[in-house]
Amino acid sequence: MTFIECKLFHLRHLPTDIIPPSLGILNSNTKERTMLDILSKIQYRPTTENYQQLMLTFLQGIVEGVRAEADPYKADWKYHCIEEIILEYGQFMEGGQAQQIGIPQQCYHNCLSMLFEPENPDDLLYCEGFALSDQVNVYPVQHAWVYIEEQVIDVTWNQLSPCYFGIAFNRQWIIEKRLERQTNKDPKVNFFNYESPFTINLLKHGLPDEALHNYSC
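Its first residue numbered 3, the sequence shown is counted upward by one per residue in the working numbering.
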């Protein structure tokens, strides 16, 4: 079995809770082509220097696969998939420390809860995006972490990822929207989930300026 065949087999058999979300909305033929195209561009045994390129290659490949299907329902949407909106607004973030104080596999709940704890500093930010995990070899997985003083604090994993790419949200906006979504009985915790009406609205219209953390402040 070749390297690409091995990785393709691995990607096909990822647990459903960690597979890149937009692969699940592609038809089987487009999904296969997208995975093959991505894997053909990913280097074997990536080094620290090319983790970021691996991340971008993976996310951009999924965006290209989704747009190739040309879903007429999404013709007037600003973004066609979660990966596309994260590529637009996201940035790479440096690892700081891993403190597995939260519930395993509950990264969104763990990180959002920290914003509501009065003992935590006001400049603690909630971030959502993708990270590389040893659990799934070199494939980026959807993940959440908190960010303070320009460093990642991962409260869900027991070791830092070599690469975090995501959006740092304005603290007040994220708190307000979290409470609003709870009031509206939104079934999902994370902000980028195809089963959430909130996410569909973001894909249609994009993020408002006030949603993003202002790094100049």
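The beta carbon of each residue, even a glycine, is placed where N, CA and C say it ideally should be.
Here the structure is a predicted model, which is why all the values come from computation and not from measurement.
Check: Three-way DSSP call (helix, strand, coil) for Ile-6 in this model; Outcome: Residue confidence for Ile-6 is low, a pLDDT of 48 falling below 50, so the modelled location carries little weight; the figure read from the coordinates is stated next. In the structure shown, Ile-6 sits in a helix (DSSP, three-state: H, G or I).
Check: Buried versus exposed, by CB contacts within 10 Å (16 or more), Thr-2; Outcome: It is not possible to answer for residue 2, since the shown part of the chain is limited to 3 through 219.
Check: Residue from Leu-204, Ile-103 and Gln-101 with nearest C-alpha to Lys-76; Outcome: Leu-204
Check: Proximity of Gly-168 and Met-95 at Cβ, strictly below 8 Å; Outcome: yes
Check: Residue range of the beta strand (DSSP E) that includes Val-148; Outcome: 142 to 150
Check: Neighbourhood of Gln-101 by C-beta, 8 Å cutoff - its chain only, sequence neighbours within 5 removed; Outcome: Ile-155, Asp-156 and Val-157
Check: Limits of the unbroken beta strand (DSSP E) element including Tyr-91; Outcome: From DSSP, Tyr-91 is part of no beta strand (DSSP E) but of the alpha helix (DSSP H) over 84 to 91.
Check: Selection from Asn-52, Ala-170 and Leu-89 that minimises the alpha carbon distance to Glu-66; Outcome: Leu-89
Check: Euclidean distance between Cα positions of Ser-24 and Tyr-81; Outcome: 12 Å
Check: Whole-angstrom distance between Ile-64 and Asn-172, CA atom to CA atom; Outcome: 27 Å
Check: Where Glu-212 falls: helix, strand or coil (DSSP); Outcome: helix
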